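One structure below.
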Amino acid sequence: MSEQTQSATRPYSAEAETHQVLNQPSSLTPFNSWLSDSALQYWVSRFGAAHSADLASYGNLCGGALAEAGFLANQYPPEFHSHDRFGNRIDEVRFHPAYHQLMQAAITFGLPSAPWVKPGKGAQVARAAMVYQHMQADAGSGCPLTMTYAAVPVLKQAPKAAADWLGKVLTAQYDPDNKPYFAKAGLTVGMAMTEKQGGSDVRANTTRAMRLSEDEYELVGHKWFCSAPMCDGFLTLAQTDTGLSCFLLPRWRPDGSKNQFYIQRLKHKLGNCSNASSEVEFRGAFAWRIGDEGRGVRTIIDMVALTRFDCMLGSAGLMRAALAQALHHTAGRSAFGKNLQQHALMQNVLADLTLDSEAALALSLRVAYALDNQAVVSEQQFVRLATAIGKYWICKRAPQFCYEAMECLGGVGYVEENILPRLYREAPVNAIWEGSGNIQCLDVLRAMQKEPEALAACLSELQSVTGRNQDYDAAFSRLQQALQHSATLEYRARSIVDQLALLLQASVLLQYGEAIVADAFIRARLIPGICSNYGTLPVDIGCMALMARAQPKV
């Protein structure tokens, strides 16, 4: 027998096995995104929400079944079907069952409706904590949930012919069937405002509205972005003879026929892949006017403000999801002779990430607290400016944050089986949606000039904690000086809003947070000359204590 034949018949040897999985942490999932998050529990309690049973139940879903659904809904994105097999125009977007699972759970737990159905102490804070967790499972489905939630103040102004919409929006029933609104148990609401020639400048919109009766119109025009086109109705803007006006446009007409609402295509996006974003045309589409003619922006502005709030809240949720992965991985892996979390440089990076994550959460829930207390004038004024500031800052921090967390995992964090690539692709959308960074900065300047009471409310919030930390006081003084040079405010708007954002986060941490976090944040963020890269903390920061506070409890 030849040597080659002997080799071919030689029995398999265990010594030939090379693929032994060593020095790899276990998967973080399944886990409970509420019970595992000490900072979230702290801030929800601090701002007066007492819904821990519901939050824990939803946390169990978000770290388990919904986390798995998030992967599936992004792996199998929505598909557009323009016609049925008989040639009839249907304009239908079809989703993987996992997407409907995400929507069903969220609507059952009241993410779009709870604070409107049962307002009161802690209602907006509790709802914000739900959204914060949902975003960690899947951000794309958060889009129609946010718009439905934010549409409620606008729908309260709807004419009698559309009055039944509000009740069906506020129900805890999810009905994904493509049928007329009056035949459904529950409704969702989208938005269609952006046009290609105007973008954020909605006053440049060219869509026209022709009056049929007192509140009924037909719309003709093209919308460059229409989010979640399978919603049952859309708040949109169109020009009437007296100017830009707000409308509720249903997918189906009141007589039960298909509305003249035509989906041209779905956008192929960087991220947010479980959500359908579309380009649509109105070809004589039926709609009800909401609010007065020519007052469209004023009518819809409350919806815009609430969706901007959810942008900052959603970005905070993405940051927490990325941080949880980084902390869990580094706690279960060793390199160069010891656990990754025992290396001083890794501690610097991880502790730095925990500061941004908790500060983003704290400011978001501070705004939610203000939404719960808008009967207090100063809180209403605080929301006006703090939302634009928070939306600008937190949403801009999220992409760099997610990348840094990915780097903590190394190569395994870069592959698609891990959630980090999805979080990284998802992170930029909140900075762009509902007005990019420059738009937020201009909105802050506009509020400062036309609503000085909003600036006064924010400055009062900042000043209320002076005298507690000299580095904070010095930063507040620098902001006051920067605001004095009015001639160059627009050119310096990003610098001004940067300072406002950091001081707002620091003030919330000082007033409501724990000293170890507030002190470290101020020293890391408010002292001039500190490097902007993560992992550049002062040498005597208590890194391990910060990491322990943020470490997922599994």
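Per this note's numbering, the sequence shown starts with residue 21, numbered consecutively. All residues carry an ideal CB built from backbone N, CA and C; glycine is no exception. Keep in mind that this is a model prediction, so the values were computed, not measured.
- Residue range 236 to 247 is occupied by the beta strand (DSSP E) that includes residue 243.
- Looking at the backbone, the Cα of residue 121 and that of residue 482 are separated by about 42 Å.
- Note on residue 519: 16 or more other CB atoms within 10 angstroms of its CB, so buried under the neighbour-count rule.
- Boundaries around residue 143 are those of the alpha helix (DSSP H), 143 to 157, since no beta strand (DSSP E) includes it.
- The three-state reading of DSSP puts residue 213 in strand, counting E and B together.
- Counting C-beta atoms within 10 angstroms of its own C-beta, residue 263 has fewer than 16 neighbours from the protein chains shown and is therefore classed as exposed.
- Excluding its 5 nearest sequence neighbours in each direction, residue 463 has C-beta neighbours in its own chain below 6 Å: 408, listed in chain order.
- Assignment of residue 547 by DSSP, reduced to helix, strand and coil, places it in the coil class.
- Within the DSSP secondary-structure output, residue 230 pairs in a beta bridge with 238.
- Note that the C-beta distance between residue 89 and residue 55 is not below 7 Å.
- Taking 7 Å as the cut-off, the Cβ atoms of residue 380 and residue 528 do not count as close.
- Residue 303 carries a strand assignment under DSSP once its states are collapsed to helix, strand and coil.
- When DSSP assignments are scanned along the segment 474 to 505, no uninterrupted stretch of beta strand (DSSP E) that is 3 or more residues long falls wholly within it.
- Annotation: residue 255 to residue 271 spans about 11 Å, alpha carbon to alpha carbon.
- Note that the C-beta distance between residue 394 and residue 400 is below 7 Å.
- For the 7 Å CB-CB criterion, residue 361 and residue 351 form a contact.
- Contact between residue 195 and residue 206 holds: their C-beta atoms lie close to 5 Å from each other, under 8 Å.
- With fewer than 16 neighbouring CB atoms inside 10 Å of its own CB, residue 356 falls in the exposed class.
- Using a Cβ-Cβ distance cut-off of 8 Å, the segment 424 to 443 and the segment 312 to 328 are not in contact, since fewer than three pairs of beta carbons, one from each stretch, lie closer than that value.
- For the 7 Å CB-CB criterion, residue 536 and residue 491 do not form a contact.
- At the C-beta level, residue 348 and residue 48 come within 7 Å of one another.
- In the structure shown, residue 270 falls within a strand segment according to DSSP collapsed to helix, strand and coil.
- Judged by DSSP in its simplified three-state form, residue 197 adopts coil rather than helix or strand.
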